[in-house]
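Chemist: Below is a structure I'd like to ask you about.
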Amino acid sequence: MSGSTKRVCFLLKVRQDRLEEYKLRHQAVWPDMLSALRDTGWHNYSLFLREDGLLVGYLETDDFEAAQEAMARTEVNARWQTEMAPFFEDLDGRPDEGMRTLPEVFHLD
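Once you know that position 20 of the sequence shown is 20 in the UniProt record's numbering, the rest is easy, because the numbers rise by one and skip nothing.
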């Protein structure tokens with residue numbers, strides 16, 4: 001990655017009745033999905049899940065908009081988003097389109 005790497009944090013809300021299944025699905029993310037994420041510029045990507053369903057995502061990328069657009073063009077992402085959509089609350093569309101990004105207000109390097 002270049003010196004212009006951006007840190008991105010986002011929020012989603014997982015349904016209480018689907019928390020355990022959501023965690024299990026992420027213990028076995030499809031290999032082609034992992035490759036697509038890497039190939040489209042998603043790096044150092046983590047998901048954190050609170051017991052009430054608050055999901056916090058973090059990733060690093062050179063260009064988040066370009067990384068999102070590149071993922072949206074992949075067939076594996078379309079399949080993954082379709083399978084994951086029922087896990088989320090307050091979602092109008094696909095999970096990758098419903099992420100609410102947070103502005104960075106502090107960073108210690």
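Where a beta carbon is used, it is the ideal one built from N, C-alpha and C, also for glycine. Since this is a predicted model, take the numbers as computed values, not measurements.
Among 17, 65, 6 and 5, which residue has its Cα nearest to the Cα of residue 116?
Modeler: As displayed, the chain neither begins before 1 nor continues past 109, which places residue 116 out of reach and without an answer.
Chemist: Taking contact to mean 3 or more Cβ pairs, one atom from each stretch, closer than 8 Å, check whether the region 59-68 and the region 35-50 are in contact.
Modeler: The region 59-68 vs the region 35-50: in contact.
Chemist: Going by DSSP, which residues form a beta bridge with residue 43?
Modeler: Per DSSP, 60.
Chemist: In its own chain, which residues sit with a C-beta less than 8 Å from the C-beta of residue 37, not counting the 5 before and 5 after it?
Modeler: So the list reads 45 and 71, once near-sequence residues are dropped.
Chemist: Between 50, 22, 98 and 34, which has its C-alpha nearest residue 77's C-alpha?
Modeler: Selected option, being the one with the closest Cα: 34.
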